[in-house]
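2 protein chains.
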Amino acid sequence: MRVGELSKRSGVPVPTIKYYLREGLLPAGVLTSPNQAHYDESHLRRLRLVRALVDVGELSISAVRDALAAIDSSEQTMHKKLGMVQEAITTVPNTPIDERSVQEVKDFLARHGRHEDVDAEHWEISRMLTAVLSAARSLGHDRFHEQLEPYMAALEMIAKADLDYMLGRAKSVDDLVESMVVGTILGDAALIALRRMAHAVESERRAKEEDQV
Amino acid sequence: MRVGELSKRSGVPVPTIKYYLREGLLPAGVLTSPNQAHYDESHLRRLRLVRALVDVGELSISAVRDALAAIDSSEQTMHKKLGMVQEAITTVPNTPIDERSVQEVKDFLARHGRHEDVDAEHWEISRMLTAVLSAARSLGHDRFHEQLEPYMAALEMIAKADLDYMLGRAKSVDDLVESMVVGTILGDAALIALRRMAHAVESERRAKEEDQV
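In the order they appear, the protein sequences are chains A and B.
The numbering of the first sequence is the numbering used here, which starts it at 6 and goes up by one.
The numbering of the second sequence is the numbering used here, which starts it at 6 and goes up by one.
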């Protein structure tokens, strides 16, 4: 298909497609004449993935580039590939951190058998948690770290559902990595929306209980 | 304190503080001379809140302005105030949506007793879920909606922990609203980090089980 049809089928405007081509987020089409390129289904699929990462995942262009590089890398160990992807799609806030929060995160990770000092793979997770607890502390929320345990218990249920879903779809390592990116980014957005809904449900439930007292 | 000390205590550079003042994210200090203003603890606290919203919540300046307006509004019903805050801090992706995803979200909300057509309060949640399912479908993930049920079950646990935390801290409606903003934004970031950790834990658990077969 020509760029016009690619645009029509993806809903992405032609100038944006050309921008992604220049930025290397979309591989070049096959030239059919000096001014015309031909695109196929793989371009359409990649374009939709870029849009999901940008629009739903709110990733920067450079984070999208890193995520795609991880998906496309010739690295064959799934473990390493997933690590690269996870690093690419996780943005760590650049906020001041404090020592007590560092220690709380270390303690939490140790309780769950993750020793971040020796476990470079979990470095982003550890930095992200530390940033969150530090930001909370700077706002007077000194005990926010106590939320991590009930969160983790609930997330173990979510991780089971996620892995069943991702592994259930994948026919190859590449499939699995793409599934992991999509499932992680879209799942984050779904969790954020549902958390707000769960707050409303729980808050109404408590209001009703109070009325009955 | 002067702007220099405000900067030192918050870790926010003076030019950024001046930018926030111009953008109305921080109330003006009390002028002590034509070129000098005095700031107090309330400015420091507000400045830290702005940083948490920008750095951890990744909110745009205009979303921060809306969130602060909700916190400061004279609206006295907690229910309405929380609705305003939630709307301000929830960014809905601007992606093409499809009719099947719209129906799946309606069905899901109806199963949980939320009827979005009559329930304007949940409009953002409904739009966000629809955007997620539509993006998933465009990538060939037609059954992503099946993830919503296990997610919701886990989020009910999280919502209980969240409300215990938020209500436990709050001494007034204003306290509660600020606590809700902080708890929602920081909690989202913590959940995203812990979900990646839970994936790693679960994936290693399964790899070990396979080794034992």
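Heads up, the beta-carbon is just placed ideally off N, CA and C, and yes, glycines get one too.
| message | Does chain B have any CB closer than 8 Å to the CB of proline 155(A)? | response | Against the first sequence, residue 155(A) aligns to sequence position 150. So yes, proline 155(A) belongs to the interface.
| If we cut at 8 Å on Cβ distances, does leucine 181(A) have a partner in chain B? | Position 176 of the first sequence holds residue 181(A). So no, leucine 181(A) is outside the interface.
| query | How close, in whole Å, do the beta carbons of alanine 203(B) and isoleucine 163(A) come, if the pair is a contact with beta carbons under 8 Å? | reply | Position 198 of the second sequence, counted from the start, is the residue given in the question as residue 203(B). Position 158 of the first sequence, counted from the start, is the residue given in the question as residue 163(A). Their Cβ separation, rounded to whole angstroms, is 7 Å, which keeps alanine 203(B) and isoleucine 163(A) in contact under 8 Å.
| field | Distance between histidine 120(B) and glutamate 209(A) (C-alpha atoms, nearest Å) | value | Residue mapping note: residue 209(A) aligns to position 204 of the first sequence, counting from 1. Residue mapping note: residue 120(B) aligns to position 115 of the second sequence, counting from 1. Each residue's Cα considered, the two are about 15 Å apart.
| Beta-carbon proximity of leucine 144(B) to leucine 54(A), cut-off 8 Å | Indexing the second sequence from 1 puts residue 144(B) at position 139. Indexing the first sequence from 1 puts residue 54(A) at position 49. For leucine 144(B) and leucine 54(A), yes; Cβs fall inside 8 Å.
| query | If we ignore side chains and look at the alpha-carbon of each, how far apart do leucine 31(A) and serine 106(A) end up? | reply | Your numbering for residue 31(A) matches position 26 in the first sequence. Your numbering for residue 106(A) matches position 101 in the first sequence. Distance between the alpha carbons of leucine 31(A) and serine 106(A): 41 Å.
| task | Under 7 Å between beta-carbons, which chain B residues line up against histidine 5(A)? List them in chain order, please. | result | There is simply no residue 5(A) to check, as chain A begins at 6 and stops at 218 in what is shown.
| field | Within-8 Å CB hit, proline 32(A) to chain B | value | Counting from 1 along the first sequence, the entry for residue 32(A) is found at position 27. Output row for proline 32(A): interface = no.
| query | Can you name the start and end residues of the alpha helix (DSSP H) that glutamine 108(A) belongs to? | reply | Position 103 of the first sequence holds residue 108(A). Looking at the DSSP string, the run of the alpha helix (DSSP H) that includes glutamine 108(A) is 104 to 116.
| message | Restricting to Cα atoms, I'd like to know which of Arg200(B), Asp71(B) and Met133(B) is closest to isoleucine 94(B). | response | By one-based count along the second sequence, residue 94(B) stands at place 89. That would be Asp71(B), whose Cα lies nearest to the Cα of isoleucine 94(B).
| request: Could you tell me whether any Cβ in chain B is nearer than 8 Å to the Cβ of histidine 219(A)? | output: Absent from the model: residue 219(A). The displayed extent of chain A is 6 to 218, so no value can be given.
| query | What is the rounded straight-line gap between the Cα of glycine 34(A) and the Cα of tyrosine 44(A)? | reply | Position 29 of the first sequence holds residue 34(A). Position 39 of the first sequence holds residue 44(A). When rounded, the distance between both Cα atoms is 5 Å.
| query | Counting along the chain, where does the beta strand (DSSP E) carrying threonine 37(B) start and finish? | reply | In the second sequence, the residue the question calls residue 37(B) occupies position 32. First-last of the beta strand (DSSP E) with threonine 37(B): 35 to 38.
| Beta-carbon separation (whole angstroms), alanine 159(A) vs valine 97(A), contact threshold 8 Å | Counted from its first residue, the first sequence places residue 159(A) at position 154. Counted from its first residue, the first sequence places residue 97(A) at position 92. Going by Cβ atoms, the distance from alanine 159(A) to valine 97(A) rounds to 23 Å, so no, they are not a contact pair.
| field | Inter-residue Cα distance where the pair is serine 15(A) and arginine 56(A) | value | Sequence index remark: in the first sequence, residue 15(A) carries index 10 (1-based). Sequence index remark: in the first sequence, residue 56(A) carries index 51 (1-based). Taking the straight line joining both Cα atoms gives about 9 Å.
| query | Whose Cβ in chain B lies nearer than 7 Å to the Cβ of methionine 133(A)? | reply | Position 128 of the first sequence, counting from 1, holds the residue named residue 133(A). Under the 7 Å cutoff, chain B gives Ala194 and Ala198.
| query | Hey, how far is the Cα of histidine 117(B) from the Cα of glutamate 214(A)? | reply | Indexing the second sequence from 1 puts residue 117(B) at position 112. Indexing the first sequence from 1 puts residue 214(A) at position 209. Whole-angstrom Cα-Cα distance: 18 Å.
| isoleucine 163(A) versus chain B: which residues are under 8 Å apart at the beta carbon? | As a first step, residue 163(A) must be located in the first sequence, where it is residue number 158. By Cβ distance, chain B contributes Pro155, Tyr156, Ala159, Arg200 and Ala203.
| Between Leu134(B), Ala68(B), Arg148(B) and Pro18(B), which lies nearest to arginine 201(A) when the distance is taken from Cα to Cα? | Reading the first sequence from its first residue, position 196 is the one you call residue 201(A). Of the candidates Leu134(B), Ala68(B), Arg148(B) and Pro18(B), the one whose C-alpha sits nearest the C-alpha of arginine 201(A) is Leu134(B).
| field | chain B contact for threonine 100(A) (CB, 8 Å cutoff) | value | By one-based count along the first sequence, residue 100(A) stands at place 95. Threonine 100(A) counts as touching chain B.
| Going by the CB atoms, is the gap between leucine 52(A) and isoleucine 22(A) shorter than 8 Å? | On the first sequence, position 17 is the one that residue 22(A) refers to. On the first sequence, position 47 is the one that residue 52(A) refers to. Yes, they are a contact pair.
| request: Would you please verify whether the beta carbon of isoleucine 22(A) is less than 8 Å from any beta carbon of chain B? | output: To locate residue 22(A), count along the first sequence from 1; it is residue 17. Chain B, which has no Cβ nearer than 8 Å to the Cβ of isoleucine 22(A), makes this no.
| Burial state of serine 184(A), where buried means 16 or more other Cβ atoms lie within 10 Å | The count along the first sequence starts at 1 and reaches residue 184(A) at position 179. Serine 184(A) is buried by the Cβ-count criterion.
| said: Using C-beta distances below 8 Å, list every residue in its chain close to alanine 166(A), excluding the 5 sequence neighbours before and after it, in chain order. | reply: By 1-based counting over the first sequence, the position of residue 166(A) is 161. Correct list: empty, nothing qualifies.
| task | Find out if the Cβ-Cβ distance for the pair serine 2(A), threonine 100(A) is shorter than 8 Å. | result | The structure shown does not extend to residue 2(A), since chain A spans only 6 to 218, so no value can be given for it.
| query | Terminal residues of the continuous beta strand (DSSP E) containing histidine 150(B)? | reply | Start at 1 with the first residue of the second sequence, and residue 150(B) comes out as number 145. No beta strand (DSSP E) holds histidine 150(B); DSSP gives it neither H nor E.
| request: Using alpha carbons as the reference points, say which of Arg132(A), Val61(A) and Pro18(A) lies closest to isoleucine 102(A). | output: Taking the first residue of the first sequence as 1, we reach residue 102(A) at position 97. Answer by Cα proximity: Arg132(A).
| field | For leucine 26(A) and lysine 176(A), the rounded distance between their alpha carbons | value | Mapped onto the first sequence, residue 176(A) falls at position 171. Mapped onto the first sequence, residue 26(A) falls at position 21. About 28 Å.
| query | Any beta-carbon of chain A closer than 8 Å to the one on serine 67(B)? | reply | Within the second sequence, the letter at position 62 stands for residue 67(B). Not an interface residue.
| field | Coil, strand or helix - alanine 175(B) by DSSP | value | Looking up residue 175(B) in the second sequence gives position 170. Three-state DSSP puts alanine 175(B) in coil, outside helix and strand.
| Listed by chain order, chain A residues near glutamine 91(B) by CB distance under 7 Å | Counting from one through the second sequence, the residue named residue 91(B) turns up at place 86. Under the 7 Å cutoff, chain A gives Arg201.
| said: Here's the rule I'm using: 16 or more other beta-carbon atoms within 10 Å means buried, otherwise exposed. How should threonine 37(A) be labelled? | reply: Indexing the first sequence from 1 puts residue 37(A) at position 32. Flag for threonine 37(A) reads exposed.
| Terminal residues of the continuous alpha helix (DSSP H) containing alanine 74(A)? | The sequence position of residue 74(A) within the first sequence is 69, counting from 1. Start and end: 66 to 77.
| query | chain A partners of aspartate 167(B), CB-CB under 7 Å? | reply | If you number the second sequence from 1, residue 167(B) lands on position 162. Correct list: His204.
| query | Should leucine 191(A) be flagged as near chain B, meaning a C-beta pair shorter than 8 Å? | reply | What you label residue 191(A) is simply residue 186 of the first sequence in a count that begins at 1. Cβ-Cβ to chain B under 8 Å: yes for leucine 191(A).
| If you compare alpha carbons, which of Glu109(B), Ala195(B), Gln91(B) and Leu114(B) is closest to glutamate 151(A)? | As a first step, residue 151(A) is located in the first sequence; it is residue number 146 there, counting from the start. Closest by alpha carbon: Ala195(B).
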